[in-house]
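Residue numbers (this note's numbering): 1 to 293.
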């Protein structure tokens, strides 16, 4: 079994409305997100850290898939582990029940907090204020699960985080059919493996993921007025996607806009023949302005 001491702070959480489970983590450790987070849609999520027993991830998910509670799974994993007092683990199960465990031999400061649908934990931290700040940020932040976990990570980082410094961060969210194209449950999997300020960098990547890989929200869509249609046509023509002219937002213009969006990896943001995504519109304006400059 692989062993590595991962001093880190993490949050494991569940959103019952969106049916998402996830983990967000940061550490003074190379590529911590390649080891710490584990999640499976409709099953649960796990963070394994400190002198990490990586087997806690797949073994724990398998036990959760049998309907066992987070607390029962932690008890089973640690009871079967001779080095349990060197481990730290947080689990949220399929029903949102959360539990966290910190072995007595984990390096100070080490500890965790569990609440309704979440647990936060960390070791070799600057102090208990790190997990307290994470908890407060998570429970008070509106939005989707990923945004709330990221706010918790930012709060923990600002409160002091890993006492040794900063190096990596990551976030994993599982949702049934949540991946690109809906083929797997990996709705979000972003990692900053080696960076002087990884948590803000992870936040930046989250913004790019939303732009390129998520469908637009109703607030992102604007009505296709005659003025906007003309602007879109001119932009597409200037970029070589549209030739000739047609009345309104017809088939040729729609096909040209879809082609532009596909080339720019924005195909997830297609709306319909009455609205356009404001981010796509801004992207088109910037591209067209670049050609004309």
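Beta carbons: idealized from backbone N, C-alpha and C, even for Gly.
With fewer than 16 other CB atoms across the displayed protein chains lying within 10 angstroms of its CB, residue 247 is exposed.
Judged by DSSP secondary structure, residue 204 falls within the alpha helix (DSSP H) whose first and last residues are 198–213.
Where residue 148 is concerned, the enclosing alpha helix (DSSP H) starts and stops at 145–158.
Here DSSP, grouped into helix, strand and coil, assigns residue 274 to coil.
Taking C-beta atoms as the reference points, residue 19 and residue 41 count as a pair closer than 9 Å. As a beta-bridge residue in DSSP terms, residue 46 pairs with 38 and 91. Here the C-alpha atom of residue 211 lies approximately 43 Å from the C-alpha atom of residue 85. Ranked by how close their Cα comes to the Cα of residue 272, the residues 222, 179 and 160 have 222 in first place. Annotated as proximal: residue 284 and residue 260, with beta-carbon spacing under 9 Å.
In the three-state reduction of the DSSP assignment, residue 167 falls in the coil class, being assigned neither a helical nor a strand state. By the criterion of a C-beta distance shorter than 6 Å, residue 33 is surrounded in its chain by 25, 170 and 191, once the five residues flanking it on both sides are discounted. Boundaries cannot be given for residue 179, as no alpha helix (DSSP H) includes it and DSSP labels it neither H nor E. One thing to note: residue 44 has its Cβ within 9 Å of the Cβ of residue 70.
Taking C-alpha positions only, residue 268 is separated from residue 128 by approximately 41 Å. Separation of residue 68 and residue 163 (C-alpha to C-alpha, rounded to the nearest whole angstrom) is 35 Å. By the neighbour-count definition (other C-beta atoms within 10 Å, threshold 16), residue 217 is an exposed residue. Rounded to the nearest angstrom, the gap between the Cα atoms of residue 278 and residue 150 is 24 Å.
Judged by DSSP secondary structure, residue 132 falls within the alpha helix (DSSP H) whose first and last residues are 129–140.
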